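Residue numbers for the sequence shown, in this note's numbering: 18 to 290. Written below as structure tokens is the structure these notes are about.
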Amino acid sequence: MASRAAKRNDVRVPIVQAFVMIEISGYLAAVMIGVTLGLIGAGGSILTVPVLVYLMAVEPVLATSYSLFVVGLTALVGSIQYMRQGLVLYRTAVLFSIPAFAGVFLSRALILPSIPDPIVTVGESVMTKDLGVMLLFAVLMVLASVSMIRKKEERPESTQEAARWKIWVDGFVVGILTGLVGAGGGFLIIPALVVLAKVPMKAAVGTSLLIIAVKSLLGFTGDYALEGIDWMFLFMFSIFTVGGIVLGTYCSRFVPGKKLKPAFGWFVLAMGL
Numbered sequence: 018m019a020s021r022a023a024k025r026n027d028v029r030v031p032i033v034q035a036f037v038m039i040e041i042s043g044y045l046a047a048v049m050i051g052v053t054l055g056l057i058g059a060g061g062s063i064l065t066v067p068v069l070v071y072l073m074a075v076e077p078v079l080a081t082s083y084s085l086f087v088v089g090l091t092a093l094v095g096s097i098q099y100m101r102q103g104l105v106l107y108r109t110a111v112l113f114s115i116p117a118f119a120g121v122f123l124s125r126a127l128i129l130p131s132i133p134d135p136i137v138t139v140g141e142s143v144m145t146k147d148l149g150v151m152l153l154f155a156v157l158m159v160l161a162s163v164s165m166i167r168k169k170e171e172r173p174e175s176t177q178e179a180a181r182w183k184i185w186v187d188g189f190v191v192g193i194l195t196g197l198v199g200a201g202g203g204f205l206i207i208p209a210l211v212v213l214a215k216v217p218m219k220a221a222v223g224t225s226l227l228i229i230a231v232k233s234l235l236g237f238t239g240d241y242a243l244e245g246i247d248w249m250f251l252f253m254f255s256i257f258t259v260g261g262i263v264l265g266t267y268c269s270r271f272v273p274g275k276k277l278k279p280a281f282g283w284f285v286l287a288m289g290l
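Structural data, given as structure tokens:
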């Protein structure tokens, strides 16, 4: 009997060690999420849900809620650092954010709860709500990676005001996507600011972080009463991402974003696939 107990313990030890290593990897990934947000103002948020689901064993739908809080808090800290450098355009942020807020609330309050579970059943194959969210997230990651990898022609900076309706529409679409999959939407916000609003890249990063922060935290308030939230874990995970964005924001002063975007794009493409 003692021998059998010893054998069971021998089996359990490697399993426990494996879980510990996975959890450590999750917290290290949390730091990288923050670093990425701090460097390019986008991308880090679309890694949060996969990290929470695959490394921290959080249910996908709950992970989208966690992601809103983590990304919102982290981006808020990063935006404050950009504010100190005078790289946040408040008027543009407000113009973009109003329709984005509407999109987030519409998505979290009406669209996501109305999605059936399971979504569809064909024979023995079942498309659950959780699986549907992850598939949508994968498609979003692939599209985001293409936009980061693809080289675009440089556009001269201009003070000409962009068509407001374009910024409003883009803000609303970003808000809907944010609510559905818990992504901050920076990879859509920054192109909109640079192309439509003619905002310089550095200012676009800082403004994007502010928009992401307010929009994500606002979206999370709709999930505040959601059962199953592990606040201790949520704050612990957020501490690592906040540490990452402080580091990333500091490094952004020395590392050009143009070199980081393609490399990160290939990484996101691999994750999405």
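C-beta atoms are modelled at their ideal positions from N, C-alpha and C, and glycine is treated no differently. None of the values given here were measured: they were computed from a predicted structure.
Since residue i is in the alpha helix (DSSP H), which residue starts that stretch and which ends it?
i	result
Ser-84	77–101
Ser-255	248–268
Arg-108	107–123
Val-186	181–198
From residue i to residue j, what does the alpha carbon distance come to, in whole angstroms?
i	j	result
Pro-133	Gly-103	46 Å
Pro-130	Leu-160	25 Å
Thr-81	Leu-69	9 Å
Leu-290	Ala-46	18 Å
Pro-77	Ile-50	18 Å
Pro-217	Met-249	39 Å
Thr-176	Thr-109	At Thr-176 the pLDDT is 41, less than 50, meaning the model places this residue with poor confidence; the figure from the coordinates comes in the next sentence. About 12 Å.
Leu-210	Gly-95	18 Å
Thr-258	Ser-162	21 Å
Pro-208	Pro-67	24 Å
Ile-41	Met-73	9 Å
Tyr-267	Tyr-107	22 Å
Ile-115	Leu-85	17 Å
Val-48	Phe-271	19 Å
Glu-178	Gly-203	Confidence at Glu-178 is low in this model, with a pLDDT of 47, below 50, so the placement of that residue is unreliable and no value is reported for it.
Glu-141	Ala-155	23 Å
Leu-152	Val-87	21 Å
Lys-215	Leu-79	37 Å
List the endpoints of the continuous beta strand (DSSP E) containing residue i.
i	result
Ser-142	142–144
Val-139	137–139
Would you grab the beta carbon distance between residue i and residue j for me? Rounded to a whole angstrom, and I think it's under 8 Å.
i	j	result
Thr-195	Val-121	5 Å
Ile-4	Ile-206	Not covered by the structure: residue 4. The range shown for the chain is 18 to 290.
Leu-226	Ala-92	5 Å
Leu-235	Val-198	Their Cβ separation, rounded to whole angstroms, is 16 Å, which puts Leu-235 and Val-198 out of contact at 8 Å.
Phe-237	Gly-89	6 Å
Gly-188	Phe-284	Contact flag wrong, Cβ pair sits at about 27 Å.
Ser-124	Ile-193	5 Å
Item to check | contact_flag[the region 217–237, the region 41–58] where n(CB pairs < 8 Å) is 3 or more | outcome: yes
Next on the checklist: Assess contact between the region 249–256 and the region 135–143, defined as three or more Cβ pairs (one per stretch) separated by less than 8 Å. Is contact present?
Outcome noted: no
Next on the checklist: Extract the residue ranges of the alpha helix (DSSP H) inside the region 207–239, only unbroken runs of 4 or more that lie entirely within it.
Outcome noted: 218–238
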